[in-house]
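Participant: Handing you this structure, nothing more for now.
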Amino acid sequence: MVVGVVGPQNAGKTTLLAAWYLLIGRGVVCSEKRRFAGSYSFAGWEALAGSLRWSPRSSPNFPPHTSSRGGRAPGLLHASFRADSGDVRSYLFTDAPGEWFTKWSINRDAPDAEGARWVALHADMFLLIADRQALAGENRGSARSALQVLARRLAAERANRPVALVWTKADVSIAPEIEAAVRDSVLKLMPDAHEFFVSISDPSDDESNGHGLLDLLNWSLEIRRARLSLPSPQAASSDLLFMFGVK
Ligand SMILES: Nc1nc2c(ncn2[C@@H]2O[C@H](COP(=O)(O)OP(=O)(O)OP(=O)(O)O)[C@@H](O)[C@H]2O)c(=O)[nH]1
Ligand SMILES: [Mg+2]
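Take 22 as the starting number for the sequence shown in the working numbering and just add one per residue.
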């Protein structure tokens with residue numbers, strides 16, 4: 022399964038994946054029905070998550086801005102889990118720079134949006150990221166319209182693939198009318214979208230597991246692929262998914 026994380030710059034996408042990485046490492050993602058069965062990409066994520074690592078009394082630092090220089094495919098966080106049936110399921114979470122999606126939202130065929138098209142083509146499901154900090158800030162008007170343009174692009178491209186509207190930085194409060202406007206426009210375009218609130222900080226929890234992170238991850242891990250897409254042979258040769266051999 023490929024989980025496409027779609028959202029503007031600085032929206033908290035990399036932070037979300039780094040936080041999941043830490044939670045997987047702590048074993049809290051697993052249950053009797055689901056056991057962690059390995060990962061290809063963990064070494065790179067260890068470096069990223071190192072900047073985030075929770076400790077009881079210090080607030081976390083954040084991972085660096087995801088660089089888009091020269092990239093044509095997103096970074097990937099991979100994890101596989103064994104179900105109690107014995108089946109092993111692999112998941113790839115995409116970590117692409119937000120500017121790719123901004124360009125793609127305005128022009129689907131923009132030359133420097135190739136990585137966003139990669140995500141749109143390969144994802145089995147999407148997380149549409151709504152950055153509450155941006156929607157609370159000085160430029161909330163433009164953040165809101167940019168998100169609506171992005172939602173429109175995603176709605177046009179997703180076919181019938183599942184979508185979640187994910188409010189990141191849930192610890193930041195925003196004007197109720199902005200929240201309602203964003204939600205309404207997303208649900209109007211994609212009425213089946215699920216909604217989640219996540220934050221890496223949770224004031225009520227010292228040994229923090231963040232807020233809402235596990236709910237969203239569990240939801241993502243429960244989705245089953247509905248459509249089977251086979252890459253065309255000539256396109257597949259240099260393709261990351263082909264190298265991973267998970268699709
Ligand atoms: N208050 C709050 N801030 C957060 C949270 N998660 C992330 N941030 C802030 O959001 C900033 C950007 O986070 P990133 O994860 O790098 O964002 P991104 O979407 O990967 O950004 P690009 O890679 O540039 O597209 C961080 O530097 C933090 O300041 C959160 O849960 N709460
Ligand atoms: Mg990033």
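Built from N, CA and C at the ideal position, the CB exists for glycine as well.
Under 7 Å Cβ to Cβ from Ala70, same chain only, skipping five residues before and after it: list those, please.
Facilitator: Correct list, in chain order: Ala39, Tyr42 and Leu43.
Participant: Can a CB atom of chain D be found closer than 9 Å to the CB of Glu216?
Facilitator: Absent from the structure is chain D; it holds one protein chain and no more.
Participant: Could you tell me the boundaries of the beta strand (DSSP E) in which Gly25 lies?
Facilitator: Its beta strand (DSSP E) spans residues Val23 to Val27.
Participant: Determine the extent of the alpha helix (DSSP H) in which Val170 is found, giving its start and end residues.
Facilitator: Run containing Val170: Arg161 to Glu178, per the alpha helix (DSSP H) assignment.
Participant: Tell me the residue span of the alpha helix (DSSP H) that contains Leu37.
Facilitator: From DSSP, the alpha helix (DSSP H) with Leu37 extends over Lys34 to Arg47.
Participant: To the nearest angstrom, how far is it from the Cα of Val27 to the Cα of Ile150?
Facilitator: So the alpha carbons of these two residues sit roughly 6 Å apart.
Participant: Taking the DSSP output, what are the residues bridged to Trp139?
Facilitator: According to DSSP, which records beta bridges pairwise, Trp139 is partnered with nothing at all.
Participant: Hey, Ala32 and Gly119: beta-carbon distance below 9 Å or not?
Facilitator: Yes.
Participant: My output table needs one value for Ser101: the three-state DSSP class, helix, strand or coil.
Facilitator: DSSP places Ser101 in strand when its eight states are reduced to three.
Participant: Is the region 144-159 touching the region 192-199 in the sense that three or more CB pairs, one from each, lie closer than 8 Å?
Facilitator: Counting Cβ pairs under 8 Å, three or more are found: they touch.
Participant: Could you tell me the boundaries of the beta strand (DSSP E) in which Ser111 lies?
Facilitator: Counting along the chain, the beta strand (DSSP E) containing Ser111 begins and ends at Val109 to Asp116.
Participant: Whose C-alpha, out of Arg204, Ser166 and Ala117, is nearest the C-alpha of Val184?
Facilitator: Here the closest residue by C-alpha is Arg204.
Participant: Just the C-alpha distance for Ala256 and Arg103, rounded to the nearest angstrom, thanks.
Facilitator: Legend: pLDDT at Ala256 = 48, less than 50; position of this residue unreliable, value from coordinates given subsequently. Between Ala256 and Arg103, the C-alpha separation is close to 30 Å.
Participant: Specify the secondary structure class of Ile195 as computed by DSSP and reduced to three states.
Facilitator: Ile195 falls in the coil class under three-state DSSP.
Participant: Please say whether His215 and Leu186 have beta carbons closer to each other than 9 Å?
Facilitator: For Leu186 and His215, yes; Cβs fall inside 9 Å.
Participant: With a threshold of 6 Å on Cβ separation, who are the neighbours of Ala176 within its own chain once the five nearest residues in sequence on each side are excluded?
Facilitator: Answer for Ala176: Leu210 and Met211, listed in chain order.
Participant: Compute the Euclidean distance between the alpha carbons of Gly59 and Ala100, then round it to the nearest angstrom.
Facilitator: Roughly 6 Å separates the two Cα atoms.
Participant: How many Å lie between Ile127 and Val170 at the Cα?
Facilitator: Cα to Cα, the separation comes out at about 7 Å.
Participant: Going by the C-beta, is Leu168 closer than 8 Å to any heavy atom of ligand 3?
Facilitator: This structure does not include ligand 3; its bound ligands are ligand 1 and ligand 2.
Participant: Report the three-state DSSP secondary structure of Asp152 (helix, strand or coil).
Facilitator: Reduced to three states, the DSSP call for Asp152 is strand.
Participant: Please state whether the Cβ-Cβ distance between Leu113 and Val50 is less than 9 Å.
Facilitator: Contact flag unset, no.
Participant: With 16 other CB atoms within 10 Å as the buried threshold, where does Pro254 fall?
Facilitator: Since pLDDT at Pro254 reaches only 49, below the 50 mark, its modelled position is unreliable, and the value read off the structure follows with that caveat. Pro254 comes out exposed.
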